[in-house]
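Colleague:
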């Protein structure tokens, strides 16, 4: 029941985003000639993200749950656990890695900083396989860079040494 409420709230929020907020963004950007490019425009990514949230919310709303998943939560699982300290430690580690990524991106460029960010996250949070971690740490920034530069024509920070 809670997941359906969650899905309905996100569906309504994404509709408001798509129908009210993104058109306002487009109007403010089209008034400024600096933002006019030959690419898809500044609203392409917000429309894509809002549409994805709307579709996933609808799918989540109509998702069927197995019968055993509807059983009530046992009382002992509602008590606070000792994992709170571990969760705070993990949050602090991730925040430090993310802060380093934000600081290093203008210096090292998007590709190098993103690869280092993913490698640090995988190292800190124990990737299932080192080979898979290396492949993802290299392939994901390359794919995102190609998508943003070539499809959406969005300039990203580059390594300033060359």
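Residue numbers (this note's numbering): 9 to 170.
For every residue, glycine included, the Cβ atom is placed at its ideal position computed from N, Cα and C.
Since we're looking at a predicted model, the values are computed, not measured.
Within the chosen definition, does the stretch 131-141 reach the stretch 150-158 through at least 3 CB pairs nearer than 8 Å?
Modeller: Too few Cβ pairs lie closer than 8 Å, so no.
Colleague: Considering only residues of the same chain and omitting the five flanking positions on each side of residue 61, which have a CB-CB separation below 7 Å?
Modeller: The count along the chain shown starts at 1 and reaches residue 61 at position 53. Taken in chain order, the residues that qualify are 18 and 22.
Colleague: Roughly how many angstroms separate the alpha carbons of residue 86 and residue 158, rounded to a whole number?
Modeller: To locate residue 86, count along the chain shown from 1; it is residue 78. To locate residue 158, count along the chain shown from 1; it is residue 150. Below a pLDDT of 50, predicted positions are generally treated as unreliable, and residue 86, at 49, falls in that range; the measurement from the model is reported next regardless. Using only the alpha carbons, I get a separation of about 49 Å.
Colleague: I need the straight-line Cα distance from residue 166 to residue 122, nearest angstrom please.
Modeller: Numbered from 1 along the chain shown, position 158 holds the residue referred to as residue 166. Numbered from 1 along the chain shown, position 114 holds the residue referred to as residue 122. Cα-Cα distance, rounded: 11 Å.
Colleague: Can you tell me whether residue 145 is buried or exposed, with buried defined as 16 or more other CB within 10 angstroms of its CB?
Modeller: For the purposes of this step, residue 145 is taken as the residue at position 137 of the chain shown. Under this definition residue 145 is a buried residue.
Colleague: What residue range is occupied by the uninterrupted alpha helix (DSSP H) comprising residue 117?
Modeller: The residue labelled residue 117 in the question sits at position 109 within the chain shown. Per DSSP, residue 117 belongs to no alpha helix (DSSP H) and is neither H nor E.
Colleague: Could you tell me the alpha carbon to alpha carbon distance between residue 140 and residue 161, rounded to whole angstroms?
Modeller: The sequence position of residue 140 within the chain shown is 132, counting from 1. The sequence position of residue 161 within the chain shown is 153, counting from 1. Approximately 29 Å, taken between the alpha carbons.
Colleague: Out of curiosity, what's the CA-to-CA distance linking residue 126 and residue 109?
Modeller: Translated into positions along the chain shown, residue 126 becomes position 118. Translated into positions along the chain shown, residue 109 becomes position 101. Distance between the alpha carbons of residue 126 and residue 109: 9 Å.
Colleague: If you follow the alpha helix (DSSP H) that residue 66 is part of, which residue opens it and which one closes it?
Modeller: On the chain shown, position 58 is the one that residue 66 refers to. Segment 52-69, the alpha helix (DSSP H) holding residue 66.
Colleague: Distance check for residue 15 and residue 56, CA to CA, integer angstroms please.
Modeller: Translated into positions along the chain shown, residue 56 becomes position 48. Translated into positions along the chain shown, residue 15 becomes position 7. Roughly 18 Å between the two C-alpha positions.
Colleague: Beta-carbon within less than 6 Å of residue 67's beta-carbon, same chain only, minus the 5 sequence neighbours each way: which residues are those?
Modeller: Residue numbering aside, residue 67 sits at position 59 when the chain shown is read from its first letter. Correct list: empty, nothing qualifies.
Colleague: Give the range of the alpha helix (DSSP H) segment to which residue 138 is assigned.
Modeller: Your numbering for residue 138 matches position 130 in the chain shown. Counting along the chain, the alpha helix (DSSP H) containing residue 138 begins and ends at 138-154.
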